[in-house]
């Protein structure tokens, strides 16, 4: 191949690669993944193999490279042919490709799925666990005539939320804040977990026996539904509510609100409401990113409004009617450890209402 033809060949190859990488995503589709030669009316047919009915050629774990905001993803006899790692990759890709409220549906032979060395029927914990790990909730798995029928919904966008169905899968620093707070509580009283998200922190507090009851509040109904599905506890209740305006009670013993104030355009009214809801001698456990060690940049923290230096954090709490009892920090997102200093990535404060 001469130089001219080689240059033309390279240009065509680059154009083909760029078109493949930057092709517009199909939106609002209903997808039949792993369709083979079967057809399903109203669905976009997707398979890695080349058949006349296939409209999108890709593997099951590449759906999000081709689709966005999909309404429905259907498969038949697909999951049974994948190993556990491939199933996990497929479910994560499907979750990313679905719109909020989108449904994944599977119809498979009742075979065995092996997850983490423990072999069980795919109707029980392994498949349910894999769906939940991918972010799905409202999971229904039924068994009939040697087949397994599975449906689940995408009810949450990840954003900054920790979306995990098991405590061990929640990032260590997030777990650590609640474990740390539980050590300061007497074992009695009522704790409010404000902006509780999916409820793992409320569960930690309830399970640690540091209080009589925990009430978790969050603005997103979908997050509360996830909490009720995966983090229900006899001592914990969950409620949808705007923490900046809802009434969560009076004479509360403890309020916990971690990684909240950096999301609020004005945290003062919220903290003043917390102050008025606490009983005399009650405590607030609060955290926020440290501006000194983790400076706020909108492109890096799109869900935040601002971060606080240690002095700004302390003054904010004092101006809202609190006495700051102690300040602490977290240095490592992969550790549960809390340090007795103000030099970490995240600042934590224990405060009590001023008399």
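Residue numbers (my numbering): 526 to 880. For glycine and all other residues, C-beta sits at the position ideal for the given N, C-alpha and C. Just so we're clear, the structure is a prediction, and the values are computed from it rather than from any experiment.
Straight-line gap, residue i to residue j (C-alpha atoms, nearest Å)
i	j	result
residue 567	residue 790	44 Å
residue 639	residue 694	Note on residue 639: pLDDT 44, under 50, position unreliable in the model; no value is reported.
residue 647	residue 797	The predicted position of residue 647 is uncertain, since its pLDDT is 42 and thus under 50; no value can be drawn from it.
residue 865	residue 778	24 Å
residue 832	residue 606	48 Å
residue 762	residue 669	35 Å
residue 729	residue 661	22 Å
residue 562	residue 576	6 Å
residue 621	residue 681	11 Å
residue 642	residue 655	Legend: pLDDT at residue 642 = 45, less than 50; position of this residue unreliable, no value from coordinates given.
residue 578	residue 570	7 Å
residue 688	residue 745	13 Å
residue 847	residue 801	10 Å
residue 804	residue 753	28 Å
residue 580	residue 558	11 Å
residue 731	residue 808	17 Å
residue 735	residue 811	17 Å
residue 552	residue 838	43 Å
residue 667	residue 813	43 Å
residue 844	residue 758	36 Å
residue 708	residue 863	12 Å
residue 823	residue 830	8 Å
residue 635	residue 602	10 Å
residue 691	residue 751	12 Å
Status (buried if at least 16 other CB within 10 Å, exposed otherwise) for residue i
i	result
residue 700	buried
residue 710	buried
residue 828	exposed
residue 564	exposed
residue 713	exposed
residue 850	exposed
residue 625	exposed
residue 718	buried
residue 795	buried
residue 698	buried
residue 737	exposed
residue 588	buried
residue 633	buried
residue 547	Reliability of the predicted coordinates at residue 547 is poor, the pLDDT of 47 falling under 50, and the value obtained from them is presented with this limitation in mind. Exposed.
residue 783	buried
residue 880	exposed
residue 872	buried
residue 649	Summary for residue 649: the model assigns pLDDT 47, below 50, so the residue's position carries little reliability; its value from the coordinates is reported in the next sentence. Answer is exposed; the Cβ neighbour count stays below 16.
Of the residues the options, the one placed nearest residue i, counting alpha carbons only
i	options	result
residue 585	577, 596, 594, 573	573
residue 785	670, 665, 702, 561	702
residue 760	578, 583, 723, 740	740
residue 853	846, 870, 840	870
residue 767	720, 792, 780	720
residue 676	631, 620, 623	631
residue 628	800, 598, 724, 550	598
residue 593	802, 808, 633, 555	555
residue 818	857, 765, 583, 808	857
residue 876	840, 635, 583	840
residue 749	770, 591, 727, 769	727
residue 663	834, 878, 755	755
residue 860	596, 583, 696, 601	696
residue 679	595, 806, 603	595
Integer Cβ distance of residue i from residue j, believed to fall under 8 Å
i	j	result
residue 773	residue 742	6 Å
residue 613	residue 665	About 19 Å separates the two Cβ atoms, so there is no contact after all.
- Message: My parser needs the beta strand (DSSP E) runs of 3 or more residues fully inside the segment 772-817; what are they?
- Response: 777-783, 803-814
- Task: Note down, one range per segment and in chain order, each alpha helix (DSSP H) of at least 4 residues found wholly within the segment 560-637.
- Result: 609-622
- Quick one: which unbroken alpha helix (DSSP H) runs of 4-plus residues sit fully inside the segment 721-755? Chain order, please. 725-732, 746-755
- Enumerate, from N- to C-terminal direction, the unbroken beta strand (DSSP E) stretches of 3 or more residues contained entirely within the segment 663-694. 672-678
- Task: Could I get the ranges of all uninterrupted beta strand (DSSP E) runs contained in the segment 833-864, with 3 residues as the minimum, in chain order?
- Result: 847-855
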